[in-house]
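In the numbering used here, the protein residues as written are 955 to 1432.
A virtual CB, placed ideally from N, CA and C, is assigned to each residue, including glycine.
In what follows, a structure is listed as structure tokens, so that the remarks can point back to it.
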Amino acid sequence: MDDDAGALPPKHQFSEWYNDILWRAEIMDVRYPVKGTYVWYPYGFAFRKHVYQRLRDLLDRDHQEALFPLLIPEQEFMKESEHIKGFEDEVYWVTHGGTTPLDVKLALRPTSETAIYPMYALWVRSHADLPIRIYQIVNTFRYETKHTRPLIRLREITSFKEAHTVHATWDEAQAQVEDAIVRYREFYDGLCIPTLVSRRPDWDKFPGADYTIAVDTIMPDGKTLQIGTVHHLGDHFSKTFEIKYEDINGEQQYAYQTCYGISERSIAALISLHGDDKGLVFMPAVAPIQIIVVPITIGKRHEDVIASAQSLEVALRKAGFRTKLDTRETRPGAKYYWWELRGVPLRLELGPRDIDAGTVVAVKRTGGKVILNRADINSGVACVLAEISDAMRAKAEEHTKSRLCTASSINALIAVLNEGKVAVVHWCGERVCGDAIEEKTNASVLGTEVRSPYVSDIEGACIICGKLGKVTLIGWAY
RNA sequence: GGGGUAGUAGGGUAGCCUGGUCCAUCCUAGAGCGUUUGGGACGCUUUGACGGCGGUUCGAAUCCGCCCUACCCCA
């Protein structure tokens, strides 16, 4: 047999690995014939469901989920000038109803500020109405001209969680920004995705925002992926959309707003950071299938083993584990490879020998095999799943640490980037110096005010002009 | 944004230049039957395609045009 035939490319060929695994493991079918749009397979969609449920749980503490329309009338969309500049080249327009040209063109939302804020203008009346914290999980459309890539650069973002809040004061809005950052870090910590949080340079902030805080993670190839953003909108949009409230003194005041979002790039990060040469590795917390039970059926004891495996599966399900029993008529080895590719974190093997001994063989997707007692299988399984999560966290953190490196000169910076790493430098904050860095390296100034356990925040000489500068992250970004 | 290359069955390819003899081929792709089964089993039988639209032609996977999609290089 040809060893290479049908094999998954090794993970160090990250781009090939990524494209291949998406369809092999039935996450996305990339063959849909519209550029930049892809199909979620049921298995991938189940994974998405568990990830987004965690996001919902995190927000539902003090946010409310709502749903605004996909279509935005041209005049609303065109109200905020900076916002328009940021998006006008990537908006899809609906121009016809059937064969009739529309009097008012309708934009497919590239993001929903201009859909939501006219309604907020109606909803906000008094200080008692504030704060408002609403989120929705929707698809958005952007006419991307760069290379599209499944889950990463899309023309239809299918899973955009966007939150939009309204507050009485700038400071309260800022506090909301801080809260959102904490929430997002909690979300990614729970998924074992290490994050680099930083303040984007002014030229890279959200169009119409006072400032933007971004969450990045480092992909296996050393490029950074933006997996979340939090924007302080100040009163720009409230002035544009007339979002005013009456304060306790009876005065009309403009409100202050924030918005923050996470998309299916979170899924891309999970797949990319945790996967290996064998395929996907799902976090137990979000795995569509946490435990796959493979019966080892031999000859005469076939029925025995199947019956025993079925009762094992039922017991695990009752205990709350997402469990599946693989009774297909193929060899056990084929099933092992099948479920390893699909990222199932824990495999339980049950054969005649185990039935006689009252045991189950547990094999971790992260490596290692342990024998569990059938009698207290629930606690045994819970323990092994926790070990798997720990191993995944350690691996992801090790990867991130190894991909960060300080640089104190422009040549050192270029060398660090060429090693496939993200550089930690000092930058004075001036646009000229920022532009110089980006020009000389072809990389991006990711941000300042870095929050990461791996990056210390000591000031130093700007890598370009030598003046006192802040710690700044430089990397090649997706 | 500019340039280039390509699209043949579930996946990978040959055929195209020089239009017909085409029932092409490989696979951990599908279906069926049998023998198997503690790390990717094997045998036999079988299904299935020329990206889309239009043109040229007696005849198009092959030539021409447009569109769609994908990949690569440059900015």
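Residue burial classification, residue i (beta-carbon count within 10 angstroms, cutoff 16)
i     : result
W1157 : exposed
S969  : exposed
Q1130 : buried
K1323 : exposed
G1052 : exposed
Y986  : exposed
G1287 : exposed
H1256 : exposed
A959  : Residue placement at A959 cannot be trusted, given a pLDDT of 41 that sits under 50; the coordinates are not used to answer.
G1429 : buried
D1308 : buried
T1171 : buried
C898  : Examination of residue 898 is not possible in this model, given that the chain is present from 955 through 1432 alone.
W1047 : exposed
I1111 : buried
E1373 : exposed
S1226 : buried
I1418 : buried
A1340 : exposed
I1147 : buried
E1393 : exposed
A1082 : exposed
G1253 : exposed
D1164 : buried
D1280 : buried
D957  : Residue placement at D957 is flagged as unreliable, the pLDDT there being 35, under the threshold of 50; a coordinate-derived value is accordingly withheld.
K1077 : Checking the displayed sequence, the identity of residue 1077 turns out to be Trp instead of Lys. Classification for W1077: exposed.
Counterpart residues of residue i in DSSP-defined beta bridges
i     : result
W1293 : W1293 pairs with nothing; no bridge assigned.
I1504 : Here the chain comprises residues numbered 955 to 1432, so residue 1504 is not present and cannot be evaluated.
L1060 : P1027 and V1048
P918  : The chain is shown from 955 up to 1432; residue 918 falls before or after that span and cannot be answered.
K1198 : Y1208
W1077 : According to DSSP, W1077 bridges with nothing at all.
D1170 : L1150 and Q1180
T1327 : One point to set straight first is that residue 1327 is Asn, not Thr, in the sequence displayed. Paired residue(s): T1313.
R1405 : V1151
V1235 : G1297
Y1089 : E1019 and A1117
D1156 : BP columns for D1156 are empty, so no partner.
G1253 : Beta-bridge pairing links G1253 to no other residue.
K1424 : W1381
G1414 : G1423
H1185 : T1166 and C1213
V1399 : I1428
K1318 : L1300
D1230 : G1233
C-beta contact flag for residue i and residue j at 7 Å
i     : j     : result
I1342 : T1313 : no
S1152 : V1404 : yes
S1113 : S1217 : yes
G1182 : Y1138 : yes
G990  : R1109 : yes
K965  : D1230 : yes
V1376 : L1427 : yes
Y1006 : P1104 : no
T1395 : K1424 : no
E1030 : T1054 : no
T1049 : K1059 : yes
I1106 : A1020 : no
E1036 : P1161 : yes
A1263 : L1304 : yes
I1202 : I1167 : no
A1075 : F1195 : yes
Y1199 : S1080 : yes
A1127 : H1186 : yes
heavy atom of the ligand COA below 6 Å from residue i C-beta
i     : result
R1008 : The ligand COA is absent from the structure shown, which contains no ligands of any kind.
> Which residue spans inside the stretch 1092-1143 form an unbroken beta strand (DSSP E) run of at least 3?
Replying inline: The qualifying runs are 1110-1121.
>> Under 8 Å, with one C-beta from each stretch per pair, do the stretch 1291-1298 and the stretch 1226-1238 reach the 3-pair mark?
In response: They touch, by the three-pair rule.
>> For the stretch 1078-1089 against the stretch 1173-1183, do three or more pairs of beta-carbon atoms, one drawn from each stretch, fall closer than 8 Å, so that the two count as touching?
In response: No: the two stretches stay apart, fewer than three of their Cβ pairs being nearer than 8 Å.
>> Threshold first: 3 residues or longer. Then list the beta strand (DSSP E) segments lying entirely within the stretch 1356-1383, N to C.
In response: Within the stretch 1356-1383, the complete beta strand (DSSP E) runs of at least 3 residues are 1358-1360 and 1376-1381.
> Three or more C-beta pairs closer than 8 Å, one from the stretch 1329-1342 and one from the stretch 1265-1277: is that the case here?
Replying inline: Verdict: yes, contact present.
> Is it a yes or a no for the stretch 1132-1148 touching the stretch 1095-1105, going by three-plus beta-carbon pairs under 8 Å?
Replying inline: Counting Cβ pairs under 8 Å, fewer than three are found: no touch.
>> Assess contact between the stretch 1347-1355 and the stretch 1378-1397, defined as three or more Cβ pairs (one per stretch) separated by less than 8 Å. Is contact present?
In response: Touching, no.
> Which runs of the beta strand (DSSP E), 3 residues or longer, sit entirely within the stretch 960-1030?
Replying inline: If we require 3 residues or more, the beta strand (DSSP E) runs fully inside the stretch 960-1030 come out as 1025-1027.
>> Quick check: the stretch 1204-1213 against the stretch 1113-1123, are at least 3 beta-carbon pairs closer than 8 Å?
In response: Contact holds: three or more Cβ-Cβ distances are below 8 Å.
>> Taking contact to mean 3 or more Cβ pairs, one atom from each stretch, closer than 8 Å, check whether the stretch 1239-1252 and the stretch 1261-1268 are in contact.
In response: Touching, per the Cβ criterion.
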